[in-house]
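Peer 1:
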Amino acid sequence: MARQSISFTKPNDEWLKSQVDSQEYSSKSELVNDLIRQARNQQKEIDWIKAKLEKAEKSGFTNATKEQILAQSKSDLHG
């Protein structure tokens, strides 16, 4: 495993410490690795959604742009 040295802002460091202190994670490294995994998974989902929007936009099924489709989807989700 690659060893890194990174710096955190005070609020972020305090939050990391609180997570470790609450025994949610055994170390800051474990927590940071988990956050990175979550971000990578989220990026995969975002990329998948973007690809679907672009495919729909190019299909000719609708004249709406991906921004319009996304806005409508968000509106539908939030009532």
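Take -10 as the starting number for the sequence shown in our numbering and just add one per residue. Quick reminder that beta carbons are idealized off the backbone N, C-alpha and C, glycines included. Owing to the predicted nature of the structure, the values given are computational and were not obtained by experimental measurement.
Would DSSP call Asn52 helix, strand or coil?
Peer 2: In the three-state scheme derived from DSSP, where H, G and I count as helix and E and B as strand, Asn52 is classed as coil.
Peer 1: Does the segment 41 to 58 come close enough to the segment 25 to 32 to have 3 or more Cβ pairs within less than 8 angstroms?
Peer 2: no
Peer 1: Cα-Cα, which of Ser48, Glu13, Ile38 is closest to Lys63?
Peer 2: That would be Ile38, whose Cα lies nearest to the Cα of Lys63.
Peer 1: By the three-class DSSP mapping on this structure, what secondary structure does Ile(-5) have?
Peer 2: coil
Peer 1: Would you tell me roughly how many angstroms separate the C-alpha atoms of Leu66 and Arg(-8), rounded to the nearest one?
Peer 2: 42 angstroms
Peer 1: Please report the straight-line C-alpha distance between Ser(-4) and Lys17, rounded to a whole angstrom.
Peer 2: Roughly 12 angstroms separates the two Cα atoms.
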